[in-house]
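**Q** Protein chains in written order, with my numbering: chain V, 2 to 274; chain Z, 3 to 449.
Mind having a look at this structure? Questions to follow.
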Ligand SMILES: Cc1cc2nc3c(=O)[nH]c(=O)nc-3n(C[C@H](O)[C@H](O)[C@H](O)COP(=O)(O)O)c2cc1C
Ligand code: SF4
Ligand code: FES
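Pasting the structure below:
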């Protein structure tokens with residue numbers, strides 16, 4: 002098929018020419034990161050989602066052409082991974098962790114609350130196109146259980162109330178701030194572009210760590226002399242509790258866990274998409 | 003038990019610094035001394051130092067790290083690769099993600115030293131895709147390290163070149179299995195490969211490859227900077243050094259506690275404020291959901307590879323998921339099994355079909371609708387998976403079931419007539435008060 006001014010879509014894979022050109026340029030950038038081009042496929046599928054909001058047919062075709070694969074081969078890969086969406090995704094994926102630890106600590110109750118409140122089930126999207134609800138598997142944040150992920154940013158120590166407020170804010174178009182993440186959650190397409198390996202300049206936002214992450218670090222600071230970080234030199238006199246008995250004598254540590262983390266904010270951030 | 007037990011914050015020591023992720027903070031605190039030292043050494047001597055340290059893989063299996071590096075065939079002039087396993091998806095495991103968010107430079111320095119030691123000039127970090135801020139921090143850390151000359155061409159004037167690519171996955175637990183990870187990194191479905199050949203011989207792009215866990219690689223700089231003896235002064239003879247213990251669940255202060263291997267849960271609970279509200283401990287996983295459950299009998303088991311193994315489980319990833327007496331073990335095991343059934347890659351029959359049937363039987367037991375013989379059926383299914391599955395996912399799926407039946411058989415028997423939610427109301431297990439919705443109790447679960 003030769004380039005033909007009368008059919009601008011024909012040689013741009015169904016994309017607007019400027020979008021297509023950018024896609025090609027980004028693809029070259031991705032391929033250059035790897036010794037073999039096919040390794041670019043996963044980032045390219047994230048890239049497709051950053052344009053189309055899901056892994057579209059034209060996106061699959063585009064990947065296939067760029068990497069010299071068949072569309073069937075690309076599809077077979079895309080369907081293997083849960084982050085690749087087969088239908089248009091909402092602006093915000095709200096993923097409630099319902100793996101065992103979070104489920105027990107209250108994740109099931111949070112999921113039930115959101116499902117009823119939004120009137121949708123797993124992998125469904127609200128009619129306004131704002132929120133896609135999901136149950137997600139363990140997201141490596143069990144010490145902050147129960148955890149909710151919004152576009153793969155952490156909302157730690159959630160309750161049904163905080164989670165309901167969170168989705169309400171999202172549906173109102175207000176910014177929400179993750180517990181451990183940038184100052185506001187970016188939309189699905191934006192985040193998909195980051196996952197394709199294109200930094201958005203937000204790495205320096207947000208905290209170093211959450212409260213649970215630093216429990217041991219701070220315990221050691223409060224109970225061990227500096228530079229005596231191992232048992233040879235640590236003059237630790239902390240007693241051990243009897244079976245099942247709480248030990249509440251540690252100073253400088255808060256026994257209760259925050260539950261209202263991830264407070265939604267209403268200030269208008271700059272459009273990051 | 004000795005009462006002078008302490009923690010050993012090495013990798014976690016800077017996590018409470020307000021700007022812990024920046025290169026500047028890292029350098030202000032002695033960062034990259036290990037790399038400077040390493041670049042003056044012969045690569046073989048670095049491998050030897052890591053062997054001498056006794057460092058064992060922190061990704062679950064506990065394979066000696068230096069020995070793994072030593073398995074690479076002699077240099078044939080072609081490329082060899084380091085691939086860092088940053089997929090962290092084993093339920094309960096939550097140490098690598100905070101490490102990369104708080105102090106990614108520990109990992110980058112470890113990558114540089116490891117690559118120099120094994121003769122690699124292009125290393126990869128495969129991070130799970132569901133942690134976008136961690137990915138940002140990693141990309142940023144790599145950029146900062148290039149700009150400061152710790153990566154790229156002629157690193158610190160040594161003549162050593164190294165490129166690092168940070169690659170985001172897309173959601174699949176099985177991609178943490180090292181050969182599935184390599185297939186995924188090659189742009190394929192993440193399904194395990196037949197071993198042998200092992201990655202050391204034919205890994206990424208069929209070239210010699212070392213796959214190591216984040217915490218393993220991040221432990222290398224201090225071993226080089228402070229010496230193998232410093233490392234072996236912590237831990238036990240066969241389980242040397244420090245490791246991050248991740249406490250989650252019904253404890254007063256869940257979190258990350260980096261300690262010498264061999265610490266006990268009782269000691270860790272002392273630091274974590276004990277069990278929630280002083281309630282009794284019921285069961286816990288010593289190393290993630292793929293390791294057999296422990297109970298309150300095991301509070302004093304030293305958490306090192308040998309002792310945990312001797313007590314019938316595995317140290318795994320030191321992911322201590324802790325549950326008190328309000329928790330239904332049947333509900334816990336059913337949910338984990340739903341996870342394995344969902345994440346089974348489908349390549350082999352025992353795991354693909356077996357996890358499906360396990361899930362069906364467990365669901366009816368949880369609902370109080372078990373049928374006579376169901377417990378035997380579960381054990382029989384597990385028996386047919388364990389040792390017959392193509393990769394360790396299938397084996398791991400059986401661990402929680404067989405151990406739960408061993409310690410709590412009567413709860414499974416109760417599932418012949420009484421729903422788990424009646425015996426153990428979920429609102430008592432949760433960390434907050436709520437009124438359960440009657441409709442949804444059994445609707446949540448598998449995907
Ligand atoms: C199903 C499955 C999932 C795994 N997930 C991870 C993981 O997320 N991170 C990890 O480091 N190792 C994981 N492993 C272990 C790896 O296969 C491999 O042993 C490890 O990355 C080697 O690194 P190490 O020697 O430094 O521990 C997994 C294994 C299996 C079977
Ligand atoms: S054991 Fe399960 S995950 Fe592993 S290869 Fe077989 S089907 Fe796939
Ligand atoms: S179980 Fe929810 S983050 Fe681990």
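Just so you know, even glycine gets a beta-carbon here, dropped at the ideal spot from N, CA and C.
Bear in mind that the values here come from a model prediction, so they are computed numbers and not experimental data.
(1) Is it right to say residue 201 (chain Z) is buried, meaning 16 or more other beta carbons lie within 10 angstroms of its own, or is it exposed?
(2) Can you list, in chain order, the residues of the stretch 70-96 of chain V whose Cβ is nearer than 7 Å to any Cβ on chain Z?
(3) Consult DSSP for residue 286 (chain Z) and reduce its assignment to one of helix, strand or coil.
(4) In chain Z, what lies closer than 8 Å to residue 47 (chain V) by C-beta?
(5) Under a CB-based cut-off of 9 Å, is residue 132 (chain V) close to chain Z?
(6) Are there three or more Cβ pairs, one per stretch, closer than 8 Å when the stretch 106-126 of chain V is compared with the stretch 58-77 of chain V?
(7) Listed in chain order, which residues of the stretch 206-230 of chain V have Cβ atoms closer than 9 Å to some Cβ of chain Z?
(8) Given that residue 127 (chain Z) touches chain V, what residues does it touch there, using C-beta distances under 9 Å?
(9) How would the residue list near ligand 2 read, in chain order, if you kept each one whose beta-carbon is closer than 6 Å to any heavy atom?
(10) Going along the chain, which unbroken runs of the alpha helix (DSSP H) with 4 or more residues stay wholly within the stretch 72-155 of chain V?
(11) List in chain order the residues whose CB is within less than 5 Å of at least one heavy atom of ligand 3.
(12) Return the bridge partner residues of residue 211 (chain Z) from the DSSP annotation.
(13) Is residue 65 (chain Z) close to ligand 1? I mean its beta-carbon at under 8 Å from any heavy atom of the ligand.
(14) Who are the neighbours of residue 39 (chain V) on chain Z, taking C-beta pairs under 7 Å?
(15) Check the Cβ of residue 25 (chain V) against every Cβ in chain Z and list those closer than 7 Å, keeping chain order.
(16) Under a CB-based cut-off of 9 Å, is residue 145 (chain Z) close to chain V?
(17) Would you identify the three-state DSSP class for residue 192 (chain V), choosing helix, strand or coil?
(18) Below 8 Å, is the gap between the Cβ of residue 119 (chain V) and the nearest heavy atom of ligand 4?
(19) Determine which residues of the stretch 158-185 of chain V have a Cβ less than 7 Å from any Cβ of chain Z, and write them out in chain order.
(20) If you measure between the beta carbons of residue 321 (chain Z) and residue 300 (chain Z), is that distance less than 9 Å?
(21) Touch check for the stretch 111-121 of chain Z and the stretch 87-98 of chain Z: three-plus C-beta pairs under 8 Å?
(22) Indicate the three-state DSSP secondary structure (helix, strand or coil) for residue 127 (chain Z) in the structure shown.
(23) Check each residue of the stretch 422-443 of chain Z: if its Cβ is closer than 8 Å to any Cβ of chain V, include it; give the result in chain order.
(24) At a cut-off of 8 Å, would you count residue 197 (chain Z) as near ligand 1, judging by its Cβ distance to the nearest heavy atom?
(25) Mind pulling the chain V residues with CB within less than 7 Å of residue 300 (chain Z)?
(26) Does ligand 1 have even one heavy atom less than 8 Å from the beta-carbon of residue 134 (chain Z)?
(27) With a threshold of 8 Å, establish whether the CB of residue 340 (chain Z) neighbours any heavy atom of ligand 1.
(28) Taking C-beta pairs closer than 7 Å, name the residues in chain Z that residue 144 (chain V) reaches, listed in chain order.
(29) Do residue 217 (chain V) and residue 247 (chain Z) count as a contact pair if the criterion is CB distance below 9 Å?
(30) For residue 56 (chain V) versus residue 93 (chain V), is the C-beta spacing smaller than 9 Å?
(31) Just the Cα atoms here: how many angstroms apart are residue 333 (chain Z) and residue 368 (chain Z)?
(32) Could you check whether residue 140 (chain Z) and residue 106 (chain Z) sit closer than 9 Å to each other, using their CB atoms as the reference points?
(33) Does any heavy atom of ligand 1 sit closer than 8 Å to the C-beta of residue 179 (chain Z)?
(34) Measure the C-alpha to C-alpha separation of residue 176 (chain Z) and residue 344 (chain Z) and round it to an integer number of angstroms.
(35) Is residue 310 (chain Z) near ligand 1, judged by its Cβ being under 8 Å from some heavy atom?
(36) Less than 8 Å separating the Cβ of residue 15 (chain Z) from some heavy atom of ligand 1?
**A** Reading it off the structure:
(1) If you number the second chain from 1, residue 201 (chain Z) lands on position 199. Label assigned to residue 201 (chain Z): buried.
(2) 77, 78, 81, 82, 83, 84, 85
(3) In the second chain, the residue the question calls residue 286 (chain Z) occupies position 284. Looking at residue 286 (chain Z) - three-state DSSP - the assignment turns out to be strand.
(4) For this step, residue 47 (chain V) is matched to residue 46 along the first chain. Those are 131, 170, 172, listed as they occur along chain Z.
(5) Taking the first chain and counting its residues from 1, one reaches residue 132 (chain V) at position 131. Output row for residue 132 (chain V): interface = no.
(6) no
(7) 206, 207, 208, 209, 210, 211, 212, 213, 214, 215, 216, 217, 218, 219, 220, 221, 222, 224, 225, 229, 230
(8) Counting from 1 along the second chain, the entry for residue 127 (chain Z) is found at position 125. Here the premise fails: no neighbours, minimum Cβ distance about 12 Å.
(9) Z:176, Z:194, Z:346, Z:347, Z:348, Z:349, Z:350, Z:353, Z:354, Z:391, Z:392, Z:393, Z:395, Z:396
(10) 72-79, 109-119
(11) V:98, V:100, V:102, V:103, V:139, V:140, V:142, V:143, V:148
(12) As a position in the second chain, residue 211 (chain Z) is number 209, starting the count at 1. The partner list for residue 211 (chain Z) (beta bridge, DSSP) reads Z:83.
(13) Residue mapping note: residue 65 (chain Z) aligns to position 63 of the second chain, counting from 1. Residue 65 (chain Z): yes, Cβ under 8 Å from ligand 1.
(14) Working through the first chain from its first residue, we reach residue 39 (chain V) at position 38. Going along chain Z in sequence order, the residues near residue 39 (chain V) (Cβ under 7 Å) are 188, 189.
(15) Residue numbering aside, residue 25 (chain V) sits at position 24 when the first chain is read from its first letter. Within chain Z, no residue comes near residue 25 (chain V); the closest Cβ sits about 18 Å away, beyond 7 Å.
(16) Counting from one through the second chain, the residue named residue 145 (chain Z) turns up at place 143. Judged by the 9 Å Cβ criterion, residue 145 (chain Z) is in contact with chain V.
(17) Indexing the first chain from 1 puts residue 192 (chain V) at position 191. Reduced to three states, the DSSP call for residue 192 (chain V) is helix.
(18) Among the ligands modelled here, namely ligand 1, ligand 2 and ligand 3, ligand 4 does not occur.
(19) 160, 161, 181, 182, 183
(20) In the second chain, counting from the first residue as 1, residue 321 (chain Z) sits at position 319. In the second chain, counting from the first residue as 1, residue 300 (chain Z) sits at position 298. It is not a contact, given that the beta carbons lie outside the stated cut-off.
(21) no
(22) As a position in the second chain, residue 127 (chain Z) is number 125, starting the count at 1. Residue state, collapsed to three classes: strand.
(23) 428, 429, 431, 432, 433, 434, 436, 438, 439, 442
(24) Stepping through the second chain from its first residue, residue 197 (chain Z) is reached at position 195. Because no heavy atom of ligand 1 lies under 8 Å away, the Cβ of residue 197 (chain Z) does not count as near it: no.
(25) Position 298 of the second chain, counted from the first residue, corresponds to residue 300 (chain Z). Near residue 300 (chain Z) there are no residues of chain V at all, since even the closest Cβ is about 11 Å away, more than 7 Å.
(26) Your numbering for residue 134 (chain Z) matches position 132 in the second chain. No, ligand 1 has no heavy atom inside 8 Å of this Cβ.
(27) Residue numbering aside, residue 340 (chain Z) sits at position 338 when the second chain is read from its first letter. It does not: the Cβ of residue 340 (chain Z) is nowhere closer than 8 Å to a heavy atom of ligand 1.
(28) Locating residue 144 (chain V) in the first chain gives position 143, where the first residue counts as 1. 96, 248, 249, 250, 256, 257, 258, listed in chain order.
(29) For the purposes of this step, residue 247 (chain Z) is taken as residue 245 along the second chain, with counting starting at 1. For the purposes of this step, residue 217 (chain V) is taken as residue 216 along the first chain, with counting starting at 1. For residue 247 (chain Z) and residue 217 (chain V), yes; Cβs fall inside 9 Å.
(30) To locate residue 56 (chain V), count along the first chain from 1; it is residue 55. To locate residue 93 (chain V), count along the first chain from 1; it is residue 92. Not in contact: residue 56 (chain V) and residue 93 (chain V) (Cβ atoms no closer than 9 Å).
(31) As a position in the second chain, residue 333 (chain Z) is number 331, starting the count at 1. As a position in the second chain, residue 368 (chain Z) is number 366, starting the count at 1. Distance between the alpha carbons of residue 333 (chain Z) and residue 368 (chain Z): 6 Å.
(32) Translated into positions along the second chain, residue 106 (chain Z) becomes position 104. Translated into positions along the second chain, residue 140 (chain Z) becomes position 138. Contact flag set, yes.
(33) To locate residue 179 (chain Z), count along the second chain from 1; it is residue 177. Because some heavy atom of ligand 1 lies under 8 Å away, the Cβ of residue 179 (chain Z) counts as near it: yes.
(34) Taking the second chain and counting its residues from 1, the one referred to as residue 176 (chain Z) is at position 174. Taking the second chain and counting its residues from 1, the one referred to as residue 344 (chain Z) is at position 342. About 10 Å.
(35) On the second chain, residue 310 (chain Z) is found 308 positions in, with the first residue counted as 1. Incorrect: residue 310 (chain Z) has no Cβ contact closer than 8 Å to ligand 1.
(36) Translated into the one-based positions of the second chain, residue 15 (chain Z) becomes position 13. No, the Cβ of residue 15 (chain Z) stays beyond 8 Å of every heavy atom of ligand 1.
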